[in-house]
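Enquirer: Residue numbers (my numbering): 1 to 689.
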Ligand code: 3HC
């Protein structure tokens, strides 16, 4: 009894042995934890005075899973299977005491215990699919036995956890613990002993193992996950739970896990998992920097963007004022917010009373003085420098001392905006992506004078709003849109050289994006870029011609594609085809068929090239930051790891050679390989090195 090793502790409370793991921050089941658990269980088993065992964790959560940093390294026994065998081999009742997030291998350990109790706020789930994996420690065989294959499949393929209350209804947890969890666990264990309750193991149960509804659920759940290996493996494994004996199902699960964990898709997803967390760090920020407290927000501008941003605050429980100096626009904005919430309620995504609570957090006003109470002000007015500067001048006068002053500009110079105030250290960009209440990316634009604590505040706020914050430097378009501009330029060229919108989009969708560049432009509105280009004296042959012909995208029912009334399905448009062919012939271009492979390369390599320049200029701090931006802001297929990660997989020498070739053919100097690519390729290295 006592300390087993640095992570695991065993003590006795009367006849109950309490095994507690403390491996901050999330009690991942690293080697030392597994070894400690096996040893603690051995001691508890051999101790005649011990009649029952409680397994729990210190800190913020029960085991949140296997230790992902150990994947890809040589296995070190005892394995998670050995831990589970030690639990299941225990001739005395074992109770798992759950709090926080019992995920992946952590939940699988709990599933092997005889009983499970949880605090009301606990969540349990098998999120392995989000790492390109399937549960590999028996989860695909035990969960279907506990909740039925259909429900288990839903949890495993979506990776979404469930709360304690639902877990109790489903029979996953036996009791909800009020008060201190460990005491509740001990009390529960004593009761089991006193009542002589039978020690049933999940693996021995089969009363719920029915195939009913399974095939349909498998079909609907995986329909939109084409190209991904893990969901299909999850389906196969859960089906095995129905048709194969337990041990055989377990053996197949291990095989599938080994194959996935060594595969490219899981490696890519693990890269994104760590890059996402790394992106929240700001390299030169002193460790002592503390974010400022945020109790109230204000959003200036009640347009689509402003409304979406206000919803983010309300959803996160932060009261927010929406200010628009024009009463009609304010009302329209508030109506739009209410309509958005109503849609979510009608689709079952939100309870009606929760909608009321969220709406109650949003106060509308036409006077800018409403910002005086706010700890953070996000400006989302018209994208014009003079307008923004005027707003920031006013904010400087009205906002309270130490308030964070953020602009949601997507193109303008944040430093110039900051200079419109007497407190540029409090000013930065918070670039939300449309629709702001849905898209998870948040580019935090660091100005020359932005202070560390303002930055730390923006990052912390971003996470509170459920966003993935990535800090970037000031330049036109920042990271995401500057790279996107390269893709748009290449789309124009492809259209002129011989491809049609439907062909380009199909190639990009086949690569794994949810939509192609043309459908995306139609959704965003072609007129936005057109106006910006007019202001900058730039031209895009096809896009401008489309705008001149009134093709603004979905909002006018026609853009690169045409849309039937009330529909969002892009349909090929003969009028657009004609316009494209005429543009080619006017420019004397002989159209040719373009292979899908070439389309994909030309959609992706110019972006990678621009990403390299952003790294050289220090606008992006890490290649992983760029990957995170593209995954969370632009639908880059996460199982391909992001553009910079993908470039490393292709090999930078190949990237360099292809770019050199395309630069020569197009005569566009922007396509010449960035010096960083040339240097890394010559050294045989990648961005990740
Ligand atoms: N292994 C190793 N490190 C992990 C980890 C894990 N399973 N889960 C989280 N971490 C690390 C993070 O990298 C981060 O490290 P950092 O501070 O150095 O950046 C730190 O723990 C804190 O993580 P978060 O910032 O994500 O903390 P949150 O409080 O926001 O979220 C969480 C906590 C919900 C547990 C979230 O971290 C999470 O979802 N983790 C992954 C859970 C998971 O996927 N589990 C399954 C693993 S695979 C498995 O179990 C295979 C098995 O079936 C065999």
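Beta carbons: idealized from backbone N, C-alpha and C, even for Gly.
Using C-beta distances below 8 Å, list every residue in its chain close to residue 372, excluding the 5 sequence neighbours before and after it, in chain order.
Expert: Result list for residue 372: 398, 399 and 400, in chain order.
Enquirer: Express the C-alpha separation of residue 589 and residue 662 in angstroms, rounding to a whole number.
Expert: If you take the alpha carbons of residue 662 and residue 589, they lie about 16 Å apart.
Enquirer: Excluding the five sequence neighbours on either side, which residues of its own chain have a C-beta within less than 6 Å of the C-beta of residue 535, listed in chain order?
Expert: Excluding sequence neighbours, residue 535 sits near nothing in its chain.
Enquirer: In the DSSP assignment, find the unbroken beta strand (DSSP E) run with residue 641 in it and report its ends.
Expert: Segment: none, residue 641 is in no beta strand (DSSP E) and carries neither H nor E.
Enquirer: Only counting the same chain, and skipping five residues up and downstream in sequence, which positions put a Cβ closer than 6 Å to that of residue 136?
Expert: Closer than 6 Å at the Cβ level, and outside the excluded window around residue 136, lie 257.
Enquirer: Under the rule that 16 or more other beta-carbon atoms within 10 Å means buried, what is residue 187, buried or exposed?
Expert: Counting Cβ neighbours within 10 Å, residue 187 comes out buried, since at least 16 surround it.
Enquirer: Take every Cβ of the region 317-332, pair it with every Cβ of the region 344-351, and state whether three or more of those distances are shorter than 8 Å.
Expert: With a cut-off of 8 Å, the region 344-351 and the region 317-332 do not count as touching, because too few Cβ pairs lie within range.
Enquirer: Kindly indicate which three-state DSSP category residue 475 falls into: helix, strand or coil?
Expert: If DSSP states are grouped into helix, strand and coil, residue 475 belongs with coil.
Enquirer: What runs of the beta strand (DSSP E), each 3 residues or longer, lie entirely inside the region 50-103?
Expert: For the region 50-103, whole beta strand (DSSP E) runs of length 3 or above, ordered along the chain, are 52-57, 94-98 and 101-103.
Enquirer: Assuming residue 469 and residue 280 make a contact with CB atoms under 8 Å, what is their CB distance in whole Å?
Expert: Correct: roughly 6 Å between the Cβ atoms.
Enquirer: According to the Cβ coordinates, are residue 612 and residue 677 closer than 9 Å?
Expert: Result yes, Cβ atoms of residue 612 and residue 677 sit closer than 9 Å.
Enquirer: Find out if the Cβ-Cβ distance for the pair residue 474, residue 415 is shorter than 9 Å.
Expert: Yes.
Enquirer: Residues bridged to residue 324 by DSSP?
Expert: DSSP, once it has assigned bridges, lists no residue as partnering residue 324.
Enquirer: Under 8 Å: do the region 50-64 and the region 9-16 share three or more Cβ pairs, one atom per stretch?
Expert: Enough Cβ pairs lie closer than 8 Å, so yes.
Enquirer: Under 8 Å: does the beta carbon of residue 67 sit that close to some heavy atom of the ligand 3HC?
Expert: The answer is yes for residue 67.
Enquirer: Suppose you measure from the CA of residue 609 to the CA of residue 603; what does that come to, to the nearest Å?
Expert: Taking the straight line from one Cα to the other gives about 11 Å.
Enquirer: Considering only heavy atoms of the ligand 3HC, does any lie closer than 8 Å to the CB of residue 28?
Expert: Residue 28: yes, Cβ under 8 Å from the ligand 3HC.
Enquirer: Should residue 250 be counted as a contact of the ligand SAH given a C-beta to heavy atom distance under 8 Å?
Expert: This structure simply doesn't include the ligand SAH; it includes the ligand 3HC instead.
Enquirer: Just tell me which of 97, 203 and 44 has its CA closest to the CA of residue 62.
Expert: That would be 97, whose Cα lies nearest to the Cα of residue 62.
Enquirer: Where residue 435 and residue 283 are concerned, what is the direct C-alpha to C-alpha distance, given to the nearest angstrom?
Expert: The straight-line gap from Cα to Cα measures roughly 30 Å.
Enquirer: Suppose contacts are defined by Cβ-Cβ distances below 9 Å. Is residue 369 in contact with residue 649 by that definition?
Expert: Against a cut-off of 9 Å, the Cβ pair of residue 649 and residue 369 comes out as no contact.
Enquirer: What do you get for residue 213, buried or exposed, if any count of 16 or more other CB atoms within 10 angstroms of its CB means buried?
Expert: That one is exposed.
Enquirer: Starting from residue 19, trace the alpha helix (DSSP H) both ways and give me its first and last residue.
Expert: Taken as a continuous stretch (DSSP letters only), residue 19 belongs to no alpha helix (DSSP H), being part of the beta strand (DSSP E) at 16-21.
Enquirer: Compute the Euclidean distance between the alpha carbons of residue 593 and residue 495, then round it to the nearest angstrom.
Expert: The straight-line gap from Cα to Cα measures roughly 11 Å.
Enquirer: So residue 441 is in the beta strand (DSSP E); what residue range does that whole segment cover?
Expert: It spans 441-446 - the beta strand (DSSP E) in which residue 441 sits, taken as one unbroken run.
Enquirer: At which residues does the beta strand (DSSP E) containing residue 115 begin and terminate?
Expert: 115-118 is the span of the beta strand (DSSP E), which, as asked, contains residue 115.
Enquirer: For residue 95, which residues of its own chain have a beta-carbon under 8 Å away from its beta-carbon, when the five flanking residues on both sides are left out?
Expert: Hits under 8 Å: 52, 53, 54, 55, 113, 114, 115, 116, 117, 185, 188, 189 and 192.
Enquirer: By DSSP's criteria, residue 13 is part of a beta bridge. Which residues make up the other side?
Expert: According to DSSP, which records beta bridges pairwise, residue 13 is partnered with 16.
Enquirer: Expressed to the nearest angstrom, what Euclidean distance is found between the alpha-carbon atoms of residue 246 and residue 139?
Expert: When rounded, the distance between both Cα atoms is 11 Å.
Enquirer: Can you tell me whether residue 476 is buried or exposed? The criterion is at least 16 other CB atoms within 10 Å of its CB, across all chains shown.
Expert: When all chains shown are included, residue 476 counts as exposed.
Enquirer: Taking 8 Å as the cut-off, is the beta-carbon of residue 101 closer than that to any non-hydrogen atom of the ligand 3HC?
Expert: Yes, the ligand 3HC has a heavy atom inside 8 Å of this Cβ.
Enquirer: In whole angstroms, what separates the C-alpha of residue 639 from that of residue 152?
Expert: The alpha-carbon atoms of residue 639 and residue 152 are separated by roughly 23 Å.
Enquirer: From the DSSP output, in three-state form, read off residue 311 for me.
Expert: Three-state DSSP puts residue 311 in a helix.
Enquirer: Tell me whether residue 133 is buried or exposed, calling it buried when 16 or more other Cβ atoms sit within 10 Å of its Cβ.
Expert: Residue 133 is buried by the Cβ-count criterion.
Enquirer: Would you mind reading off the limits of the beta strand (DSSP E) that contains residue 430?
Expert: Residues 427-432.
Enquirer: Report, in whole angstroms, the separation of the C-beta atoms of residue 542 and residue 492, which I expect to be a contact under 8 Å.
Expert: Right, their Cβ atoms sit about 6 Å apart.
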